[in-house]
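Chemist: One structure, pasted below without further comment.
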Amino acid sequence: MTARPPAAAGRPVRVAVVGLGWAGREIWLPRLAAHPGFEVVAVVDPQPVVRDQARDTHAVASAYADVEALPAGTVDLAVVAVPNHLHAVVAVRLLRRGVPVFLEKPVCLTSAEAGILADAERDGGAVLLAGSAARYRADIRALADVAGGLGPIRHVDVAWVRARGVPDAGGWFTRRDQSGGGALVDLGWHLLDTVLPLLGPARVTHAIGSVSDDFVNDSAAHAAWRGGADTAGHVPGDVEDTARGFLLTDTGASVALHACWASHESLDRTTVTVHGAAGSATLRCTFGFSPNREPTPVLTRTRDGRTARLPLPGEPIGAEYDHQLDALPGLLADPAARGAAVAEARRTIDIIERIYQCARPTRPERQHALVGHRAG
-4 MTARPPAAAG RPVRVAVVGL GWAGREIWLP RLAAHPGFEV VAVVDPQPVV
46 RDQARDTHAV ASAYADVEAL PAGTVDLAVV AVPNHLHAVV AVRLLRRGVP
96 VFLEKPVCLT SAEAGILADA ERDGGAVLLA GSAARYRADI RALADVAGGL
146 GPIRHVDVAW VRARGVPDAG GWFTRRDQSG GGALVDLGWH LLDTVLPLLG
196 PARVTHAIGS VSDDFVNDSA AHAAWRGGAD TAGHVPGDVE DTARGFLLTD
246 TGASVALHAC WASHESLDRT TVTVHGAAGS ATLRCTFGFS PNREPTPVLT
296 RTRDGRTARL PLPGEPIGAE YDHQLDALPG LLADPAARGA AVAEARRTID
346 IIERIYQCAR PTRPERQHAL VGHRAG
């Protein structure tokens, strides 16, 4: 399969949804099927019942067990939402064939995978785009606008703390060899994706942190709203449910990060506070789909001893995913998008690797199937 140009103006982007787990089935497939800018022409999943049900529910023309079965020239974009350990594997196979890829986070699990993705994007001539839903939230965009008026940024506090939200406990999410990590890889990727643009091009010179696993095997802490997995017969989880990190940049700015799947709190809450030379701004909201959330986002700005609440547009839960779909056709057609996702992923995974190295200074047990193999 050779590289294809972006979809013609006025024609919907032809999409294959690859991976029909919770994210593919509940987030991406229904939104893509309902969006006028896209036409879902194929679904791909190794489980026959799952892919046939998705095909019938959303009137998709074709269903395949593997991406290699996608006929040449039939799709303009593959939306990849497979389990974490397969993200780079599947994306590389598609990119090598010249198929543009939209890859759910985490884009990669190691710096080595980031390099392999870069090779595949370059050699196949197709663009890699990355899931960055949090950036498309109206409240995060409003916070970024306010932060631009705070002068030089000195520090950012960012936290996503769930009351009870260990995802798919007993399944691949809590197995380090398949997930790559716990709350830091999952929630922490969203938090870093939110914070790093606020810091601009500053290089993160130091990254330290700690992890703990007090809740990961506690059935009362499972994410019931996600339809948690039946844990019967599954091995105990071996990932962290809580991670804390501290970053320092070459400009002197710092970041305190807290990612937590479960806690003793009553509500799931995301908090971002930006401290600048000319004031501070705080956003309190809840990322994601949990119903156990802050009732409404609140954005405040503090200067000279006075705190003011700032207006925020209202939007339904999950609207950020629709906003990102709105932007995808333009990104597909933008030459500047080539290489951007990999560059950002390198920065993010480098921080995550350094925090893990500090928190658990043993070599990871998993060896990714792609490590040591260049694309092409």
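Per the working numbering, the very first residue in the sequence shown carries number -4; after that it's consecutive. Every residue, glycine too, gets a C-beta built ideally from N, C-alpha and C.
(1) Verify whether the separation of the beta carbon atoms of residue 276 and residue 145 is less than 9 Å.
(2) Quick check: what's the CA-CA separation for residue 247 versus residue 201?
(3) Using CA atoms only, rank isn't needed, just tell me which of 197, 62 and 215 is closest to residue 41.
(4) Between the Cα of residue 262 and the Cα atoms of 288, 244, 237 and 242, which residue gives the shortest distance?
(5) Which complete beta strand (DSSP E) runs does the stretch 64 to 109 hold, if anything under 3 residues is left out?
(6) In whole angstroms, what separates the C-alpha of residue 189 from that of residue 47?
(7) Based on DSSP bridge pairs, tell me the residues matched to residue 294.
(8) Spell out the partners DSSP gives residue 60 in its beta bridges.
(9) Which ranges would you report for the beta strand (DSSP E) in the stretch 119 to 190 if only whole runs of at least 3 residues count?
(10) Could you tell me the alpha carbon to alpha carbon distance between residue 85 and residue 160, rounded to whole angstroms?
(11) Would the beta-carbon of residue 292 fall within 9 Å of that of residue 134?
(12) Taking contact to mean at least 3 C-beta pairs separated by less than 8 Å, is the stretch 93 to 112 in contact with the stretch 335 to 345?
(13) Could you check where the beta strand (DSSP E) with residue 337 kicks off and where it finishes?
(14) What are the partner residues of residue 53, as DSSP defines its beta bridges?
(15) Can you list, in chain order, the residues of its chain with a C-beta nearer than 8 Å to that of residue 348? Leave out the 5 residues immediately preceding and following it.
(16) Please report the distance separating the alpha-carbon of residue 130 from that of residue 25.
(17) Tell me where the alpha helix (DSSP H) around residue 27 begins and ends.
(18) DSSP three-state call for residue 111: helix, strand or coil?
(19) Just checking my contact of residue 332 with residue 122 at CB under 8 Å: how many whole Å lie between their CB atoms?
(20) May I have the straight-line CA-CA distance separating residue 206 from residue 236, to the nearest angstrom?
(21) Out of 181, 256 and 138, which has the shortest C-alpha to C-alpha gap to residue 267?
(22) Going by DSSP in three states, residue 239 sits in which element: helix, strand or coil?
(23) Given the structure, does residue 342 come close to the ligand ZN, in the sense that its CB is under 8 Å from one of the ligand's heavy atoms?
(24) When burial is assigned at 16 or more other CB atoms within 10 Å of the CB, is residue 231 buried or exposed?
(25) Would you mind stating whether residue 186 and residue 204 have Cβ atoms separated by less than 9 Å?
(26) Just to confirm the assignment, what range does the alpha helix (DSSP H) spanning residue 251 have?
(27) Between residue 319 and the rest of its own chain, which residues show a CB-CB distance below 6 Å, the 5 nearest in sequence each way excluded?
(28) Compute the beta-carbon to beta-carbon distance between residue 8 and residue 89, rounded to the nearest angstrom, for a pair I have assumed lies under 8 Å.
(29) Less than 8 Å between the CB atoms is what I'm expecting for residue 174 and residue 167, so what's the real figure, rounded?
(30) Just confirm the distance between the C-beta atoms of residue 250 and residue 242, as a whole number of angstroms; I'd bet it's less than 8 Å.
(31) Residue 65 and residue 37 look like a contact to me (Cβ under 8 Å); what is the Cβ gap, rounded to whole Å?
(32) Here's a check: name, in chain order, each residue in its chain whose Cβ is nearer than 6 Å to the Cβ of residue 361, leaving out the five neighbours to either side.
(33) Candidates 83, 92, 311 and 126: which alpha carbon is nearest residue 110's?
(34) What distance in whole Å lies between the Cβ atoms of residue 210 and residue 216, which are believed to be in contact at a cut-off of 8 Å?
Modeler: According to the structure shown:
(1) The residue given as residue 276 occupies position 281 in the sequence shown. The residue given as residue 145 occupies position 150 in the sequence shown. Closer than 9 Å, so yes.
(2) Locating residue 247 in the sequence shown gives position 252, counting from the first residue. Locating residue 201 in the sequence shown gives position 206, counting from the first residue. The alpha-carbon atoms of residue 247 and residue 201 are separated by roughly 11 Å.
(3) Translated into the one-based positions of the sequence shown, residue 41 becomes position 46. Minimum Cα distance to residue 41 is reached at 62.
(4) As a first step, residue 262 is located in the sequence shown; it is residue number 267 there, counting from the start. Comparing Cα positions, the closest option is 288.
(5) Listed in chain order, they are 72 to 75 and 96 to 98.
(6) Here residue 189 is taken as the residue at index 194 of the sequence shown, counted from 1. Here residue 47 is taken as the residue at index 52 of the sequence shown, counted from 1. When rounded, the distance between both Cα atoms is 36 Å.
(7) Position 299 of the sequence shown holds residue 294. Answer is 278 and 305.
(8) Locating residue 60 in the sequence shown gives position 65, counting from the first residue. DSSP, once it has assigned bridges, lists no residue as partnering residue 60.
(9) DSSP runs (the beta strand (DSSP E)) wholly in the stretch 119 to 190: 123 to 125 and 148 to 156.
(10) Counting from one through the sequence shown, the residue named residue 85 turns up at place 90. Counting from one through the sequence shown, the residue named residue 160 turns up at place 165. In a straight line, the C-alpha of residue 85 is about 27 Å away from that of residue 160.
(11) As a working mapping, residue 292 is identified with position 297 in the sequence shown. As a working mapping, residue 134 is identified with position 139 in the sequence shown. Their beta carbons are under 9 Å apart, which means residue 292 touches residue 134 by this criterion.
(12) Counting Cβ pairs under 8 Å, three or more are found: they touch.
(13) Counting from one through the sequence shown, the residue named residue 337 turns up at place 342. Unbroken run through residue 337 is the alpha helix (DSSP H), 335 to 354; no beta strand (DSSP E).
(14) Residue numbering aside, residue 53 sits at position 58 when the sequence shown is read from its first letter. Answer is none; residue 53 lacks a bridge partner.
(15) By 1-based counting over the sequence shown, the position of residue 348 is 353. Once the five neighbours on either side are set aside, the close Cβ partners of residue 348 are 105 and 106.
(16) Against the sequence shown, residue 130 aligns to sequence position 135. Against the sequence shown, residue 25 aligns to sequence position 30. So the alpha carbons of these two residues sit roughly 21 Å apart.
(17) Here residue 27 refers to the residue found at position 32 of the sequence shown. Element bounds for residue 27: 24 to 29.
(18) Counted from its first residue, the sequence shown places residue 111 at position 116. Correct three-state label for residue 111: helix.
(19) On the sequence shown, position 337 is the one that residue 332 refers to. On the sequence shown, position 127 is the one that residue 122 refers to. Contact holds; Cβ gap of about 5 Å.
(20) Within the sequence shown, residue 206 is the residue found at index 211, counting from 1. Within the sequence shown, residue 236 is the residue found at index 241, counting from 1. Taking the straight line joining both Cα atoms gives about 8 Å.
(21) Translated into positions along the sequence shown, residue 267 becomes position 272. Cα-wise, what sits closest to residue 267 is 138.
(22) In the sequence shown, residue 239 corresponds to position 244, counting from 1. Correct three-state label for residue 239: strand.
(23) Absent from the structure shown: the ligand ZN. Ligands present: none.
(24) Numbered from 1 along the sequence shown, position 236 holds the residue referred to as residue 231. In this structure residue 231 is exposed. Its beta-carbon is surrounded by fewer than 16 other beta-carbon atoms within 10 angstroms.
(25) Counting from one through the sequence shown, the residue named residue 186 turns up at place 191. Counting from one through the sequence shown, the residue named residue 204 turns up at place 209. Cβ atoms of residue 186 and residue 204: not closer than 9 Å.
(26) Working through the sequence shown from its first residue, we reach residue 251 at position 256. That residue, residue 251, is in no alpha helix (DSSP H); its beta strand (DSSP E) goes 249 to 255.
(27) Indexing the sequence shown from 1 puts residue 319 at position 324. Correct list, in chain order: 128 and 131.
(28) Reading the sequence shown from its first residue, position 13 is the one you call residue 8. Reading the sequence shown from its first residue, position 94 is the one you call residue 89. No, residue 8 and residue 89 are not in contact; Cβ-Cβ is about 15 Å, not under 8 Å.
(29) Taking the sequence shown and counting its residues from 1, one reaches residue 174 at position 179. Taking the sequence shown and counting its residues from 1, one reaches residue 167 at position 172. With 8 Å as the limit, residue 174 and residue 167 qualify as a contact, their Cβ atoms being about 6 Å apart.
(30) The residue you call residue 250 lines up with position 255 of the sequence shown. The residue you call residue 242 lines up with position 247 of the sequence shown. Indeed they touch by this definition, with Cβ atoms about 4 Å apart.
(31) Here residue 65 refers to the residue found at position 70 when the sequence shown is read from its first residue. Here residue 37 refers to the residue found at position 42 when the sequence shown is read from its first residue. That pair is a contact at about 6 Å.
(32) The residue you call residue 361 lines up with position 366 of the sequence shown. In this prediction, residue 361 has a pLDDT of 49, which is less than 50 and means its spatial position is unreliable; what the coordinates show is noted afterwards. Counting only Cβ-Cβ distances below 6 Å, and skipping sequence neighbours, we find 172.
(33) Along the sequence shown, one-based indexing puts residue 110 at 115. With distances taken between Cα atoms, residue 110 lies closest to 83.
(34) The sequence position of residue 216 within the sequence shown is 221, counting from 1. The sequence position of residue 210 within the sequence shown is 215, counting from 1. About 4 Å; that satisfies the 8 Å criterion.
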